[in-house]
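Before any comments, here is the structure.
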């Protein structure tokens, strides 16, 4: 059996997120593979839309024998089990024209070994890692020196660049 190291982001901002993130970790352990490390939970404001509730996010390192799309299927099944309704979110987005919406749980594959995957269903590394402090900060707990297989920069460098860009925005 060939094992891969998957780096996964869990998050949410609806309901009892702390318990839901704990349940997500337990279910990932059962259905995707052992969780080898997990970051602290980080709170952040909603990204790309306005929401009253803050998001809570956590990064997990998982040893998995699932292929990337199988892993995606498993994670989406876990999201459904924990109360995520993507169809309802889609119709809300269509009605409001929003790109993002509040959700009880969100589980994303950030990295899958050093693989670069681009299919209709899945893009790995996750295409927005470098734009999101709530992803880069927990990643830096143990992957600061990990080199992004597409961008060629370390996670730590990406975080520095993002902080510098954000400071520029704040001063403007």
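Residue numbers (the numbering used here): 449 to 620.
Backbone N, C-alpha and C fix where the C-beta goes; we use that ideal spot for every residue, glycine too.
Burial state of residue i (16 or more Cβ within 10 Å)
| i | result |
| --- | --- |
| residue 539 | exposed |
| residue 501 | exposed |
| residue 467 | exposed |
| residue 591 | buried |
| residue 459 | buried |
| residue 505 | buried |
| residue 477 | exposed |
| residue 511 | exposed |
| residue 481 | buried |
| residue 620 | At residue 620, the pLDDT of 45 sits below 50, so the modelled position is not reliable and the matter cannot be decided from this model. |
| residue 603 | buried |
Residue i (DSSP reduced to helix, strand or coil)
| i | result |
| --- | --- |
| residue 496 | coil |
| residue 609 | helix |
Endpoints, the beta strand (DSSP E) within which residue i is located
| i | result |
| --- | --- |
| residue 511 | 503–512 |
Where in the region 520–601 do unbroken runs of the beta strand (DSSP E), each at least 3 residues long, occur, reported from the N-terminal end onward? Assignment of beta strand (DSSP E) within the region 520–601, counting only whole runs of 3 or more residues, yields 554–560 in chain order.
Within the region 451–489, ranges of the alpha helix (DSSP H) (whole runs, at least 4 residues): Runs of the alpha helix (DSSP H) lying entirely within the region 451–489, each at least 4 residues long, are 465–479 in chain order.
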